[in-house]
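In mature numbering (1 follows the signal peptide of the UniProt record, and there is no 0), the protein residues as written are -46 to -1, 1 to 483.
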């Protein structure tokens, strides 16, 4: 097994002329496939690792006789309907802080409102408290040895168009716990201890391991483009059975913007179903239903999120675009990691340094995100966190027709920085399929490049992507696939089998495995360096 080395990847020639990248760590590849396949592959002899390869491209074809998706779960479903009576907390969720010694607890109190003339709740009317300790004290909050306090906020979605309903949220509370011991179980109740039934029932969580080589989370679940369909619930049920110690959600959480503000039935294509809508509407109660549905997992396991295009919520006031729900509902370690914005941040989980990047905010090489990323990567100590894993919503490497070369501008701006600091793995979503790349840099097989993985269909209402850009007649036009943010930098390949072309005529050599399916992935890092 390779040991950590200096930040700059240095190709060298090994026996037989094979190029190696000094300092690369090995990870068994079954741990990087959809979890439904991992067991089958793990039973095979001679499991390859990420130091092996490049692997010959493989496509697992989709049976077109099967359904490509399922309908959304209605808000009347008991798993989505309100269960807590105000002022009791609901939608309880945990999030990691920058290190294992602290953790965020979030929840909602009060009832959200939908209508025309709304009066927002006073977020200060209910305290933001978390009572906690290493022993159960369910009978009385004051039996816990520790209490932490935080703050609350309310957000509103207000449209200036007749016929569109407005929304104002419940009070969304965020409290940061500090001074925690790593890899330790804690019991807690959140809410307002001064109010009758103002506290939640007792919950528990286990803190992440301290940063250090050989100290890793037991299992990390990775999912993208989740939504809340029948397929989504199957994904979440399966994820819970895998009992992860951390969940990464790489954007597109609820698909609330597949609805009119009046609710009704969600649709796979908003513009197709509602061509006369004055704006891309968003039915905010889907966020509340999603928070209730996810609570059995998120109240005991940290959920780390990053924004996707379905978190974009135009308000219609002079073209104003907001990520109001994303910014209000989720606590992330932005201040702790020095970014000071929820668009991008980083944190440690044992010997893994996770970097969450924003694809829908400036990623220019002279911009704030790029400069923050450069400093963050420079601070990484591979003796403490040998693994560096990055994640953002929109993939740079993608052989599907959907979103093909859509974020080529972002790749051209930032890829070299990740390469120079030898990021090990990159997770993305956006494309509703699974695809794992060979190690690649600038569309060229390179043992020093990251392993890019698209895990972009947790079961959402937009359905699975099945067409590949190299399928006959499926190559997009260079004028297709414009991103919701940023410019268009589509290019023809300048070398290799696709030289002079916009698309390959076969599965690209940098695409190791692709499969049109929904589900989630499991990342496990062996306790080896």
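Think of the CB as a built atom: it goes at the ideal place given N, C-alpha and C, for glycine as much as any other residue.
DSSP three-state assignment for residue i, whether helix, strand or coil
i	result
residue 276	strand
residue 326	helix
residue 95	helix
residue 250	helix
residue 196	coil
residue -2	Per-residue confidence for residue -2 stands at a pLDDT of 42, beneath the threshold of 50, marking its modelled position as unreliable; the derived number appears in the next sentence. Correct three-state label for residue -2: coil.
residue 463	coil
residue 267	strand
residue 105	strand
residue 207	coil
residue 224	helix
residue 434	coil
residue 69	strand
residue 354	strand
residue 111	strand
residue 213	coil
residue 369	helix
residue 363	helix
residue -29	Confidence is the limiting factor: at residue -29 the pLDDT is only 32, short of 50, which leaves the residue's position unreliable, though a coordinate-based value still follows. Three-state result, residue -29: coil.
residue 124	coil
residue 334	coil
residue 190	helix
residue 245	helix
residue 145	strand
residue 283	helix
Exposed unless 16 or more other CB atoms sit within 10 angstroms - verdict on residue i
i	result
residue 210	buried
residue 274	exposed
residue 70	exposed
residue 423	buried
residue 313	buried
residue 219	exposed
residue 92	exposed
residue 330	buried
residue 473	buried
residue 12	exposed
residue 477	buried
residue -7	At residue -7 the pLDDT is 33, less than 50, meaning the model places this residue with poor confidence; the figure from the coordinates comes in the next sentence. It is exposed - the Cβ of residue -7 has fewer than 16 other Cβ atoms within 10 Å.
residue 435	buried
residue 296	buried
residue 94	exposed
Residues that residue i bridges to, as DSSP identifies them
i	result
residue 100	86
residue 13	468
residue 476	175
residue 381	345, 407
residue 49	58
residue 303	306
residue 159	140
residue 399	394
residue 256	48
residue 201	175, 257
residue 388	409, 469
Alpha carbon of residue i to alpha carbon of residue j, nearest angstrom
i	j	result
residue 391	residue 468	9 Å
residue 216	residue 73	18 Å
residue -42	residue 393	Caution is warranted here: a pLDDT of 31 is assigned to residue -42, below 50, making its placement in the model unreliable, and the coordinate value is therefore given only provisionally. Roughly 18 Å separates the two Cα atoms.
residue 517	residue 448	The question about residue 517 has no answer here: the residues shown for the chain are numbered -46 through 483.
residue 22	residue 184	12 Å
residue 243	residue 279	13 Å
residue 122	residue 109	6 Å
residue 284	residue 32	23 Å
residue 231	residue 25	22 Å
residue 370	residue 409	23 Å
residue 130	residue 324	27 Å
residue 79	residue 308	36 Å
residue 85	residue 7	50 Å
residue 204	residue 292	20 Å
residue 415	residue 20	15 Å
residue 170	residue 479	7 Å
residue 195	residue 18	29 Å
residue 51	residue 124	24 Å
residue 471	residue 187	15 Å
residue 44	residue 2	44 Å
residue 29	residue 182	10 Å
residue 381	residue 475	10 Å
Residue i CB to nearest heavy atom of the ligand HEM below 8 Å
i	result
residue 187	With respect to the ligand HEM, the structure shown offers nothing to examine, as it has no ligands at all.
Stretch pair the region 174 to 185 + the region 195 to 207: three plus CB contacts closer than 8 Å: yes
#### Entry: Contact between the region 357 to 372 and the region 434 to 443 (3+ Cβ pairs under 8 Å)
yes
Report task. Pair every Cβ in the region 304 to 318 with every Cβ in the region 151 to 170, then say whether three or more of these pairs are closer than 8 Å. Result -> yes
Tell me whether the region 247 to 262 and the region 228 to 238 touch, counting them as touching only if at least three CB pairs, one residue from each stretch, are closer than 8 Å. no
Check whether the region 152 to 161 touches the region 124 to 143, counting contact only when three or more Cβ pairs, one atom from each stretch, lie closer than 8 Å.
yes
Between the region 263 to 271 and the region 32 to 41, do three or more beta carbon pairs fall short of 8 Å?
no
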